[in-house]
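Chemist: In this note's numbering, the protein residues as written are 3 to 391.
The following block contains the structure, expressed as structure tokens.
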Ligand SMILES: Cc1cc2nc3c(=O)[nH]c(=O)nc-3n(C[C@H](O)[C@H](O)[C@H](O)COP(=O)(O)OP(=O)(O)OC[C@H]3O[C@@H](n4cnc5c(N)ncnc54)[C@H](O)[C@@H]3O)c2cc1C
């Protein structure tokens, strides 16, 4: 049965929300997670790629949610030169509907209560203080009180705005994505493919992530400023017509990925934001699963401590720890993203032509970067511009 009061209320049961709930509950405080959808983990709006190192601190890899194991990248330039990079670190393509569900189970095991079909539509305020949330459950309006509210409500987050946090993201930093899960496809089952350039995905990239059993996620993201002129779906359709004209498409999804800095404020009064809601996505790759889990774990742990010590000022530790562990690195990735996504097709081709000259067993992202600089010293100035101007 639902209580009238919880120490911590988490809005949203994505990876950031359930991880926050779990880390708070592990401190012995009462936690409620409210999720608007019927199921935790579904619908999936994701390419589902993660690194093994990224998820291992939170959950032991399990074949039931690993669709494929990745050990190489294939980078494809605008003139379709393919550069394969093998790596020793492992990546996974997930079955997120099972993975997210397992994260939910870990939060429940730690003591959190999870309620689905619970749509939060406002914060509850009493005497000028935020004291809980208002939500609709099975069509009925309800209220629940809590000391700390964690907004884990994804890219379209409203909790931050309700609390008066500026959540605005520049249109050019909002990657507009579309993705199909296809079957009957013949690609390397252990490689992720990335296509770059204006014909594939201007201001972003197009991906093929294999999902085993002749299936794959094929999608692309383009900068929001570019999407004004030509839609992501139109780029996707051209790709399919050229490469896989009759491929069976099993699902289609679309969504935004905020490839920006973390929001300036991720804590206000007793409200904390985590995951996409806080803009904790890696701005270079667009990956937000593991970084959201890191944000969630820090926020959950700090929230639990603040409750136990009856000191909400402790919540301000969360942004400090986040910036030290990840946020500062994301600021560098953001600058690199801006450099790479503004490379001309000619520059991308020239880098690829240099890279394929490196023997495959010596080819790494760093070696490609070095040879690209050697081959095209003007790149140094392009990077210098990004970092120093
Ligand atoms: C097309 C696409 C491809 C991507 N590919 C990758 C990838 O390959 N690898 C990667 O790491 N990342 C990828 N991402 C990004 C990744 O999906 C997100 O960064 C990640 O899901 C963020 O986790 P989260 O918990 O913050 O938010 P979400 O996973 O979005 O979860 C938010 C939850 O909050 C719920 N919610 C929202 N509003 C309310 C409300 N008012 N009341 C109650 N519940 C609410 C939602 O239903 C949802 O369950 C991709 C994104 C897209 C769109």
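C-beta: ideal position from N, C-alpha, C; glycine also.
When you compare the CB positions of residue 228 and residue 205, do they come within less than 7 angstroms of one another, or not?
Modeler: Closer than 7 angstroms, so yes.
Chemist: Does ligand 1 have even one heavy atom less than 6 angstroms from the beta-carbon of residue 189?
Modeler: Flag unset: Cβ of residue 189 not near ligand 1.
Chemist: With a floor of 3 residues, list each beta strand (DSSP E) that falls wholly inside the region 258-337, ordered by position along the chain.
Modeler: For the region 258-337, whole beta strand (DSSP E) runs of length 3 or above, ordered along the chain, are 273-275.
Chemist: What does the Cβ neighbour count give for residue 352, buried or exposed, with the cut at 16 atoms within 10 Å?
Modeler: Buried.
Chemist: Among the candidates 17, 232, 282 and 13, whose CA atom is the shortest distance from the CA of residue 333?
Modeler: The shortest C-alpha separation from residue 333 is found at 282.
Chemist: Look up residue 348 in the DSSP assignment and give the residues it is bridged to.
Modeler: Residue 348 is not bridged to any residue.
Chemist: Around the Cβ of residue 149, are there at least 16 other Cβ atoms within 10 angstroms (buried) or fewer (exposed)?
Modeler: Answer is buried; the Cβ neighbour count reaches 16.
Chemist: What's the gap between the Cα of residue 368 and the Cα of residue 350?
Modeler: Between residue 368 and residue 350, the C-alpha separation is close to 15 angstroms.
Chemist: Excluding the five sequence neighbours on either side, which residues of its own chain have a C-beta within less than 7 angstroms of the C-beta of residue 97, listed in chain order?
Modeler: Excluding positions up to five away in sequence, the list reads 67 and 69.
Chemist: Residue 133 lies in the beta strand (DSSP E); which residues open and close that run?
Modeler: Where residue 133 is concerned, the enclosing beta strand (DSSP E) stretches over 131-139.
Chemist: Express the C-alpha separation of residue 315 and residue 102 in angstroms, rounding to a whole number.
Modeler: Cα-Cα distance, rounded: 31 angstroms.
Chemist: Have a look at 169, 372 and 371 and flag the residue whose alpha-carbon is nearest the alpha-carbon of residue 268.
Modeler: That would be 169, whose Cα lies nearest to the Cα of residue 268.
Chemist: Relative to the alpha-carbon of residue 348, which residue among 200, 285 and 163 has its alpha-carbon at the smallest distance?
Modeler: Comparing Cα-Cα distances from residue 348 to each of 200, 285 and 163, the minimum goes to 200.
Chemist: So, for residue 389: in the same chain, excluding its five sequence neighbours on each side, which residues have a beta-carbon less than 8 angstroms away from its beta-carbon?
Modeler: Note that residue 389 scores a pLDDT of 49, beneath 50, so its modelled location is shaky and nothing firm can be said.
Chemist: Just verifying my parser: in three-state terms, what is the DSSP assignment at residue 232?
Modeler: Three-state result, residue 232: coil.
Chemist: Going along the chain, which residues of its own chain have a beta-carbon closer than 7 angstroms to the beta-carbon of residue 176, five neighbours each way excluded?
Modeler: Cβ within range, chain order: 226, 258 and 260.
Chemist: Assuming residue 213 is part of the alpha helix (DSSP H), what are its boundary residues?
Modeler: Per DSSP, residue 213 belongs to no alpha helix (DSSP H) and is neither H nor E.
Chemist: Among 8, 7, 43 and 209, which has the Cα closest to the Cα of residue 100?
Modeler: Closest by alpha carbon: 43.
Chemist: Might you give, ordered along the chain, the residues of its own chain that have their beta carbon closer than 7 angstroms to the beta carbon of residue 241, omitting 5 neighbours on each side?
Modeler: The residues are 202 and 208.
Chemist: Check whether the region 155-172 and the region 6-24 touch, using three or more Cβ-Cβ pairs below 8 angstroms as the test.
Modeler: Verdict: yes, contact present.
Chemist: Could you give the distance in angstroms between the alpha-carbon of residue 95 and the alpha-carbon of residue 291?
Modeler: Going by the C-alpha atoms only, they are around 12 angstroms apart.
Chemist: Beta carbon of residue 275, beta carbon of residue 134: below 7 angstroms?
Modeler: No, Cβ-Cβ distance for residue 275 and residue 134 is not below 7 angstroms.
Chemist: Counting C-beta neighbours from all protein chains within 10 Å, is the total for residue 137 16 or more, i.e. buried, or is it exposed?
Modeler: Buried.
Chemist: Let me know the secondary structure DSSP gives residue 358 once reduced to three states.
Modeler: Here residue 358 sits in coil by DSSP.
Chemist: With DSSP collapsed to three states, give me the class of residue 227.
Modeler: Here residue 227 sits in helix by DSSP.
Chemist: So who's on the other strand from residue 51, going by DSSP bridges?
Modeler: In DSSP, residue 51 forms a bridge with 95.
Chemist: Using 8 angstroms for Cβ pairs, my map puts residue 20 next to residue 165. What's the rounded Cβ distance?
Modeler: Between residue 165 and residue 20 the Cβ distance is about 21 angstroms, and since that is not below 8 angstroms, they are no contact.
Chemist: Does DSSP put residue 246 in a helix, in a strand, or in coil?
Modeler: If DSSP states are grouped into helix, strand and coil, residue 246 belongs with coil.
Chemist: Please state whether DSSP places residue 24 in a helix, a strand or coil.
Modeler: Note: residue 24 maps to helix in three-state DSSP.
Chemist: What first and last residue would you give for the beta strand (DSSP E) that runs through residue 164?
Modeler: First-last for residue 164: 161-164, but that is the alpha helix (DSSP H), not the beta strand (DSSP E).
Chemist: Leaving out the 5 sequence neighbours to the left and right, which residues in its chain are closer than 6 angstroms to residue 9 when beta-carbon positions are compared?
Modeler: Cβ within range, chain order: 31, 32, 149 and 309.
Chemist: Within the continuous beta strand (DSSP E) that includes residue 80, where are the two ends?
Modeler: Run containing residue 80: none; DSSP gives neither H nor E here.
Chemist: Under the rule that 16 or more other beta-carbon atoms within 10 Å means buried, what is residue 59, buried or exposed?
Modeler: When all chains shown are included, residue 59 counts as exposed.
Chemist: So for residue 4, helix, strand or coil by DSSP?
Modeler: Coil at residue 4, not helix or strand.
Chemist: Over the uninterrupted beta strand (DSSP E) stretch that includes residue 181, give me the two end residues.
Modeler: Residues 176-184.
Chemist: Quick one: is the Cβ of residue 291 within less than 6 angstroms of any heavy atom of ligand 1?
Modeler: For ligand 1, at least one heavy atom lies less than 6 angstroms from the Cβ of residue 291.
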